[in-house]
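Asks:
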Amino acid sequence: MPTPHYLALTLTPGIGAKTARKLIAHFGSAGDVFAASVEDLTAIPRVSRTIAEQLLASPLEQYEQELLSLDDIGIGVVTLEDEMYPANLRQADGSPVLLFVRGRLAAADVHAVAVVGSREASPRGMEAAKQLAAALADRGLTVVSGLAIGIDTAAHRGAVDVGGRTLAVLGSGLRVIHPRENAELAEEIAAQGALLSELHPDAPPSGPTLMARDRIVSGLARAVIVVEAGVRSGSLDTAAKALKQGRALYAVAGSDGTDKLLREGARRVDPDSDLDSLVEEIRAHNLGGEDGGESGPANQLGLL
Numbered sequence: 147m148p149t150p151h152y153l154a155l156t157l158t159p160g161i162g163a164k165t166a167r168k169l170i171a172h173f174g175s176a177g178d179v180f181a182a183s184v185e186d187l188t189a190i191p192r193v194s195r196t197i198a199e200q201l202l203a204s205p206l207e208q209y210e211q212e213l214l215s216l217d218d219i220g221i222g223v224v225t226l227e228d229e230m231y232p233a234n235l236r237q238a239d240g241s242p243v244l245l246f247v248r249g250r251l252a253a254a255d256v257h258a259v260a261v262v263g264s265r266e267a268s269p270r271g272m273e274a275a276k277q278l279a280a281a282l283a284d285r286g287l288t289v290v291s292g293l294a295i296g297i298d299t300a301a302h303r304g305a306v307d308v309g310g311r312t313l314a315v316l317g318s319g320l321r322v323i324h325p326r327e328n329a330e331l332a333e334e335i336a337a338q339g340a341l342l343s344e345l346h347p348d349a350p351p352s353g354p355t356l357m358a359r360d361r362i363v364s365g366l367a368r369a370v371i372v373v374e375a376g377v378r379s380g381s382l383d384t385a386a387k388a389l390k391q392g393r394a395l396y397a398v399a400g401s402d403g404t405d406k407l408l409r410e411g412a413r414r415v416d417p418d419s420d421l422d423s424l425v426e427e428i429r430a431h432n433l434g435g436e437d438g439g440e441s442g443p444a445n446q447l448g449l450l
């Protein structure tokens with residue numbers, strides 16, 4: 147069972163993922179953070195006296211009981227200290243120190259691909275996403291997306307329908323499925339893969355949390371495929387995050403946003419083509435922090 151110290155770091159206002167990681171790195175462990183003084187804590191950038199006092203006043207016994215209660219209803223917690231924390235995400239910039247999980251993480255998730263795109267997807271885009279995700283999942287890759295309506299929904303559905311693994315990253319808590327129309331799909335995903343969130347299980351979605359989810363979607367994957375997007379789509383933000391994290395970037399031609407990505411250097415994917423070579427590329431892609439292989443495409447596009 148994870149220590150309540152991680153939950154306290156996550157729930158203290160003013161402490162984001164990067165600051166939490168800095169605190170753990172500086173003091174040695176999450177538990178050691180709580181053995182520090184207010185003065186020690188305020189020596190860390192972005193930790194004010196108010197934040198330090200709130201952190202040290204965290205109700206750790208209450209949080210420990212909450213972790214036990216969550217486990218009883220099938221919501222687990224993995225932290226940076228845990229062996230089951232996703233290996234790809236561990237290397238990603240800004241990765242959360244704690245993830246709430248409903249379902250099962252697997253070592254095979256190291257071979258994951260994110261399939262993302264517009265919420266206002268065309269029938270063509272939906273079919274392409276479903277077809278592509280099904281083919282990749284059928285070949286042993288884990289399909290990652292954000293459970294949003296549109297392309298995300300089609301990607302998860304494609305993986306589920308062939309009995310493959312899929313991970314859904316929520317911009318809300320795991321007891322607040324968003325959007326509600328995907329509640330049934332979420333149950334299927336939890337049975338064949340996992341639902342993930344960095345937020346407390348009762349947290350509602352918001353604009354900032356939905357945007358913050360994108361870095362986890364790309365961070366879990368070795369590559370990101372944008373199926374359909376407008377030129378101002380949030381999927382282009384996911385693409386930019388992916389490149390900063392050293393992920394390979396692919397796009398399906400036919401929409402303004404994906405055509406822009408292709409002009410700027412993204413690799414083209416055709417859902418109707420033989421995808422065996424694509425699967426091998428994704429499996430072999432080096433994330434930069436791994437031994438061997440070529441370095442990640444930090445400057446693949448002009449998005450950085």
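Residue numbers (my numbering): 147 to 450.
For each residue, glycine too, the CB sits at the ideal point set by N, CA and C.
(1) Distance, Cα to Cα, G286 vs A254?
(2) Residues in its own chain within less than 7 Å of P232 by CB, not counting five upstream and five downstream?
(3) Hey, L157 and A166: beta-carbon distance below 7 Å or not?
(4) Assign S379 to buried or exposed, taking buried as 16 or more other Cβ atoms, counted over all protein chains shown, within 10 Å of its Cβ.
(5) Quick check on S343: does DSSP put it in helix, strand or coil?
(6) So what's N445 in DSSP terms, helix, strand or just coil?
(7) Got a sec? Which residues, its chain only, sit under 7 Å from H346 by beta carbon, not counting five neighbours each side?
(8) Would you check if the distance between the CB atom of V261 and the CB atom of A279 is smaller than 7 Å?
(9) Between which two residues does the beta strand (DSSP E) carrying V487 extend?
(10) In terms of alpha-carbon separation, which member of S291, Y152 and P191 lies closest to Q208?
(11) Among the candidates G296, L408 and K390, whose CA atom is the shortest distance from the CA of Y396?
(12) May I have the straight-line CA-CA distance separating A412 from R195, to the nearest angstrom?
(13) Ordered along the chain, which non-local residues of its own chain (more than five positions away) have a Cβ less than 8 Å from that of I246?
(14) Bridge partners of R249, per DSSP?
(15) Any C-beta of chain C sitting closer than 7 Å to the C-beta of V290?
(16) Have a look at A203 and E185 and give me their C-alpha separation to the nearest angstrom.
(17) Does Q391 pass the burial test, meaning 16 or more other C-beta atoms within 10 Å, or should it be called exposed?
(18) If you drop the 5 nearest sequence neighbours on each side, which residues of the same chain put their C-beta closer than 7 Å to that of D307?
(19) Starting from the N-terminal side, write out each stretch of the beta strand (DSSP E) that is 3 residues or longer and does not extend beyond the stretch 183-251.
(20) Could you have a look at A279 and say whether DSSP puts it in helix, strand or coil?
(21) Thinking C-beta only, is A283 closer than 7 Å to G136?
(22) Can you give me the start and stop residues for the alpha helix (DSSP H) that T299 sits inside?
(23) Going by the DSSP bridge assignment, what does A463 pair with across the sheet?
(24) Is V261 helix, strand or coil by DSSP?
(25) Nearest to P269 by CA position, among V259, V289 and G296, is which residue?
(26) G160: buried (16+ other C-beta within 10 angstroms of its C-beta) or exposed?
(27) What is the rounded straight-line gap between the Cα of E334 and the Cα of E410?
(28) Please classify R303: is it buried, with 16 or more other beta-carbons within 10 angstroms of its beta-carbon, or exposed?
(29) Of the residues D298, A337, N328 and D416, which one's Cα is nearest the Cα of D360?
(30) Please state the DSSP three-state secondary structure of T288.
(31) Leaving out the 5 sequence neighbours to the left and right, which residues in its chain are closer than 7 Å to I323 when beta-carbon positions are compared?
Replies: Answer, in terms of the structure:
(1) For G286 and A254, the distance between alpha carbons rounds to 8 Å.
(2) Result list for P232: L251, D255 and L366, in chain order.
(3) Cβ atoms of L157 and A166: not closer than 7 Å.
(4) With a threshold of 16 other beta carbon atoms within 10 Å, S379 meets it and is buried.
(5) In this structure, S343 counts as strand in the three-state DSSP scheme.
(6) Residue confidence for N445 is low, a pLDDT of 47 falling below 50, so the modelled location carries little weight; the figure read from the coordinates is stated next. Coil at N445, not helix or strand.
(7) L157 and G319, listed in sequence order.
(8) Going by C-beta atoms, V261 is nearer than 7 Å to A279.
(9) Here the chain comprises residues numbered 147 to 450, so residue 487 is not present and cannot be evaluated.
(10) Here the closest residue by C-alpha is Y152.
(11) From the listed residues G296, L408 and K390, the smallest Cα separation to Y396 is found for L408.
(12) About 45 Å.
(13) Position check: residue 246 holds Phe in this sequence, whereas Ile was assumed. Shown here for F246: same chain residues with a beta carbon closer than 8 Å to its own, the five before and five after excluded, namely L216, I221, G222, V223, G319, L320, L342, S343, E344, L345, H346 and P347 in chain order.
(14) Note that residue 249 is Gly in the sequence shown here, rather than Arg. Its beta-bridge partners are A340.
(15) Given the protein chain composition of this structure (a single chain), no chain C is represented.
(16) Roughly 15 Å between the two C-alpha positions.
(17) Counting the other Cβ atoms within 10 Å of the Cβ of Q391 gives 16 or more, which makes it buried.
(18) If we look at D307 and ignore the five residues flanking it on each side, its Cβ neighbours are A280.
(19) Along the length of the stretch 183-251, whole beta strand (DSSP E) runs at least 3 residues long occupy 222-225 and 244-249, reported in chain order.
(20) Note: A279 maps to helix in three-state DSSP.
(21) Because the chain in this structure spans residues 147 to 450, residue 136 falls outside the shown range and cannot be described.
(22) Per DSSP, T299 belongs to the alpha helix (DSSP H) from I297 to D307.
(23) Residue 463 is absent from the structure shown; the chain starts at 147 and stops at 450.
(24) The DSSP-derived three-state label of V261 is strand.
(25) Checked all of V259, V289 and G296; the closest Cα to P269 is G296.
(26) With fewer than 16 other Cβ atoms within 10 Å, it is exposed.
(27) Put simply, the backbone Cα of E334 is about 37 Å away from that of E410.
(28) Buried.
(29) When each option's Cα is compared against that of D360, the closest is D298.
(30) The three-state reading of DSSP puts T288 in strand, counting E and B together.
(31) Same-chain partners within the cutoff: A329 and A332.
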